[in-house]
Amino acid sequence: MKSPAYYSFMLRIWSSTEASCQVWRASLEDPLTRQVMGFGSIEALTEYLKQQTTAPPNSQDSSDSE
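Taking this note's numbering, the leading residue of the sequence shown gets 4, the next gets one more, and so forth.
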């Protein structure tokens with residue numbers, strides 16, 4: 004499956020303390036569907052974004068179909 008040519012997310016990043024260590028957490032929210040994806044680390048967030056943008060974008064822009 005091809006990736007969309009455009010993504011939009013609300014990004015939230017916060018820190019928490021676990022076993023006396025600061026850990027950064029993140030979430031992405033799709034503004035259209037309100038689906039929220041949580042990430043236990045910045046590394047997990049960046050890995051998700053890499054996976055989403057690895058496939059080539061769709062050849063047809065969604066605005067062309069209107």
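The beta carbon of each residue, even a glycine, is placed where N, CA and C say it ideally should be.
Pick from the options that is closest to residue i, judged by C-alpha positions
i      : options                : result
Gln-38 : Met-13, Trp-27, Ala-8  : Met-13
Met-18 : Gly-43, Thr-56, Ala-8  : Here residue 18 is Ser; the residue named in the question, Met, does not match the sequence. Nearest option by C-alpha distance: Gly-43.
Arg-28 : Met-40, Glu-21, Ile-45 : Ile-45
Val-26 : Ile-16, Asp-33, Lys-53 : Ile-16
Rounded C-alpha distance that separates residue i from residue j
i      : j      : result
Leu-35 : Ala-58 : 22 Å
Leu-48 : Ser-30 : 8 Å
Glu-50 : Thr-20 : 22 Å
Start and end residues, beta strand (DSSP E) containing residue i
i      : result
Gln-38 : Per DSSP, Gln-38 belongs to no beta strand (DSSP E) and is neither H nor E.
Ala-29 : 24–32
Ser-19 : 13–21
Segment limits, alpha helix (DSSP H) that includes residue i
i      : result
Thr-49 : 45–55
Supposed close pair residue i, residue j - CB separation, criterion 8 Å
i     : j      : result
Tyr-9 : Gln-55 : Not a contact, Cβ separation roughly 11 Å.
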